[in-house]
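In the working numbering, the protein residues as written are 141 to 649. Built from N, CA and C at the ideal position, the CB exists for glycine as well. As the structure is a computational prediction, the values presented were derived from the model and not from experiment. Here the structure comes first, spelled out in structure tokens, and everything after it is commentary.
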Amino acid sequence: MHWSDEAAERLGLRGGSQVIETGTSISGIPHIGNASDVIRGDCVRRSCQDAGVDARLIWVSDDMDPFRKVPAGMESLKDYLGFPVKDIPDPKGCHSSFVDHFANPFIEDLKEFGVEPKIYSATELYRSGAFKDEVVLAFEGRKNILEILNRFRKEPLPDDFVPWTPICQKCGKISTTTVTGLDGTMVSYECVDKEVAGGDTKGCGYVGVQDALKGFGKFPWRVEWAAKWHHFKVTCEPFGKDHAAAGGSYDTSKIISEEVFNWPAPIPVAYEFFTLNGAKISSSKGNVITLSDWLKIAEPEVLRYFMFKKLNKARDINLRMLPNLVDEFDQIERMHFGKESGDVESKRMYQLSQVQEPKYLNIPYTFCAVLGQVSEEQDYESRARWNGYDGFDTKRLKNRAKLAGNWVEKYGPDYLRFTLKTAEEVKAEYLKLDSRIQTCLTQLVDALESVKDPSIYHKKIYETARANNVDPPELFTAIYKTLIGKEKGPKAAMFLMSLGEEYLKQAYK
Numbered sequence: 141m142h143w144s145d146e147a148a149e150r151l152g153l154r155g156g157s158q159v160i161e162t163g164t165s166i167s168g169i170p171h172i173g174n175a176s177d178v179i180r181g182d183c184v185r186r187s188c189q190d191a192g193v194d195a196r197l198i199w200v201s202d203d204m205d206p207f208r209k210v211p212a213g214m215e216s217l218k219d220y221l222g223f224p225v226k227d228i229p230d231p232k233g234c235h236s237s238f239v240d241h242f243a244n245p246f247i248e249d250l251k252e253f254g255v256e257p258k259i260y261s262a263t264e265l266y267r268s269g270a271f272k273d274e275v276v277l278a279f280e281g282r283k284n285i286l287e288i289l290n291r292f293r294k295e296p297l298p299d300d301f302v303p304w305t306p307i308c309q310k311c312g313k314i315s316t317t318t319v320t321g322l323d324g325t326m327v328s329y330e331c332v333d334k335e336v337a338g339g340d341t342k343g344c345g346y347v348g349v350q351d352a353l354k355g356f357g358k359f360p361w362r363v364e365w366a367a368k369w370h371h372f373k374v375t376c377e378p379f380g381k382d383h384a385a386a387g388g389s390y391d392t393s394k395i396i397s398e399e400v401f402n403w404p405a406p407i408p409v410a411y412e413f414f415t416l417n418g419a420k421i422s423s424s425k426g427n428v429i430t431l432s433d434w435l436k437i438a439e440p441e442v443l444r445y446f447m448f449k450k451l452n453k454a455r456d457i458n459l460r461m462l463p464n465l466v467d468e469f470d471q472i473e474r475m476h477f478g479k480e481s482g483d484v485e486s487k488r489m490y491q492l493s494q495v496q497e498p499k500y501l502n503i504p505y506t507f508c509a510v511l512g513q514v515s516e517e518q519d520y521e522s523r524a525r526w527n528g529y530d531g532f533d534t535k536r537l538k539n540r541a542k543l544a545g546n547w548v549e550k551y552g553p554d555y556l557r558f559t560l561k562t563a564e565e566v567k568a569e570y571l572k573l574d575s576r577i578q579t580c581l582t583q584l585v586d587a588l589e590s591v592k593d594p595s596i597y598h599k600k601i602y603e604t605a606r607a608n609n610v611d612p613p614e615l616f617t618a619i620y621k622t623l624i625g626k627e628k629g630p631k632a633a634m635f636l637m638s639l640g641e642e643y644l645k646q647a648y649k
């Protein structure tokens, strides 16, 4: 059974309406790693829907979090270190805030992946008074919270700990405040110098009192997580393995949720992190790809498929090897459409990966990458059929050719990036070749009248070379040198078959 169906089954046993919560801390450009919990959360929602379990997906922008580190290229924001990210201006001036500048496109891109959660802002939840009940419960149970947190800490928190971080009423920073007292819901604090990841933040020295019910502050993370579960009545949440570690955020928040907020902790869907190009995804180091970037090089269904594999295995997205991932997806597509035998879970993954009603394509990504460089869009369908492909959706073919072309330009290997010579230019090179190789090329063109399968045609190239006393590598080199001026290129059989019979007759006969 697929992991999302297992989660849906457990939620069905829990009973009632289900709420699947996801969230993202907006500290810069959200990337595909940030999208993983919301896309996987939507997978659980779909499984619930298929099982007849009422469920909805929510996404919370964790925009009350402090601005700890200045993203690369945004040095103008250094003075805002320590502020809630929601209160930072948009560095580009096109949105009302830093958060909106990055969150709004992220939300729009999620729609292209078939994901449309109910959107919430943590800042708005706090400042609107939506968390009033949770504030009261947390303050009443602060001794219990202190004891729970200290169970999992090497250095215990002080006895006067208050589960609240105020925003300074004078300077507006949240990283620089230290709570000095609590009376009911009135929090006393002072604003002092603090250190964050991006450097020191200066406190303004202000000493003040605020009513936490007005929401100009926030809970510490583990308390906030439990508070959100209580507020939204969350029953399921996907999250990365760091939160799932023994004594980690989930274990702590689970106890706080059940003992302080009297709400059963949600069913966890913990997943292993994936890497990008063999390294940790990092905006500051430039090793990042956004949802928008992905949509320029591959279908959204392919990324959904990648994220819906087994959750407990570390995986890497190597953009240079993207065709391999697309080939995997195409294989489960063949299973779904009955073109190839397959297991139940693979077929289920294909169903869950779909954004819209599936339409058959199954034309290799690398073929599409070549097709876009050697023919016009109006010829894609005929060239594909000439290569033995049929029953495909033409609109999908055109889209994949465009995507694969973008991939070749940005990530593809040199042998797949080329400029095709005109038939006249190729003919001039052909006439310079040894007569044995000329004969091979002419015979290969003739063979295309009867051979329509690239795998058979591949064997034909070897047979033709040997029949004319030509070493196969010598023939392959001649093909690439005459057509694209390189010694290596795309798979020769597929490449020749993508060029069209008329072009090849002009070039090699």
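Run through the DSSP bridge pairs and tell me what residue i is partnered with.
i: Tyr329; result: Val319, Gly348
i: Tyr411; result: Gly380
i: Ala270; result: Answer by DSSP bridge pairing: none, since Ala270 is not bridged.
i: Ala195; result: Gln158
i: Thr305; result: Lys358
i: Ile601; result: BP columns for Ile601 are empty, so no partner.
i: Asp456; result: Thr415
i: Val336; result: Gly339
i: Thr164; result: Ser201
i: Pro206; result: Pro224
Taking all protein chains shown into account, do 16 or more other C-beta atoms lie within 10 angstroms of the C-beta of residue i, making it buried, or fewer, making it exposed?
i: Val349; result: exposed
i: Val347; result: exposed
i: Arg488; result: buried
i: Gln189; result: exposed
i: Ser422; result: exposed
i: Thr318; result: exposed
i: Gln518; result: exposed
i: Gly552; result: buried
i: Leu492; result: buried
i: Gln158; result: buried
i: Lys358; result: buried
i: Lys572; result: exposed
i: Met141; result: exposed
i: Cys376; result: buried
i: Pro298; result: exposed
i: Val484; result: exposed
i: Arg293; result: exposed
i: Leu153; result: exposed
i: Ser176; result: buried
Pick helix, strand or coil for residue i, following the three-state DSSP scheme.
i: Lys499; result: coil
i: Leu416; result: strand
i: Gln158; result: strand
i: Tyr260; result: strand
i: Pro594; result: helix
i: Asn427; result: strand
i: Val105; result: No statement about residue 105 is possible, as the shown extent of the chain runs from 141 to 649 and does not include it.
i: Pro296; result: coil
i: Ser515; result: coil
i: Thr392; result: helix
i: Pro170; result: coil
i: Ser422; result: strand
i: Pro630; result: coil
Leaving aside the five residues before and after residue i along the sequence, list all residues of the same chain whose C-beta is less than 8 angstroms from its C-beta, in chain order.
i: Thr316; result: Gly222, Cys308, Cys331, Val332, Asp333, Lys334, Thr341, Lys342, Gly343, Cys344
i: Asn417; result: Asn427, Asp456, Ile457, Asn458, Leu459, Arg460
i: Ala632; result: His598, Ile601, Phe616, Ile619, Tyr620
i: Thr582; result: Tyr648, Lys649
i: Glu274; result: Phe359, Ala367, His370, His371, Phe401
i: Glu398; result: Pro404, Ala405
i: Ser236; result: Asp230
Please go through the same chain and pick out, in chain order, the residues whose beta-carbon is closer than 7 angstroms to the beta-carbon of residue i, but skip the five residues on each side of it.
i: Val514; result: Leu560, Ser638, Leu639
i: Leu665; result: The chain is shown from 141 up to 649; residue 665 falls before or after that span and cannot be answered.
i: Asp351; result: Thr325, Met326
i: Gly531; result: Tyr500
i: Val610; result: Arg576, Ile577, Cys580
i: Ala541; result: Cys508, Leu511, Gly512, Tyr520
i: Leu265; result: Phe271
Near residue i, which residues of its chain fall below 6 angstroms by C-beta distance, leaving aside the five closest residues on each side in sequence?
i: Pro224; result: Met204, Ile314
i: Gly173; result: Ile421
i: Ser328; result: Thr320, Gly321, Val349
i: Ala563; result: Tyr643, Gln646, Ala647
i: Asp202; result: Gly163, Ser165, Ala262
Q. Are three or more beta carbon pairs between the region 159-172 and the region 206-225 nearer than 8 angstroms?
A. Result yes; three or more Cβ-Cβ pairs closer than 8 angstroms.
Q | the region 186-194 contacting the region 402-413, beta-carbon criterion three pairs below 8 angstroms | A | no
Q: Inspect the CB distances between the region 469-479 and the region 511-528 and report whether three or more fall short of 8 angstroms.
A: no
**Q.** the region 431-442 touching the region 362-377, judged by at least three CB pairs closer than 8 angstroms
**A.** no
Q) Touch check for the region 229-237 and the region 280-293: three-plus C-beta pairs under 8 angstroms? A) no
Q: Take every Cβ of the region 246-263, pair it with every Cβ of the region 175-188, and state whether three or more of those distances are shorter than 8 angstroms.
A: yes
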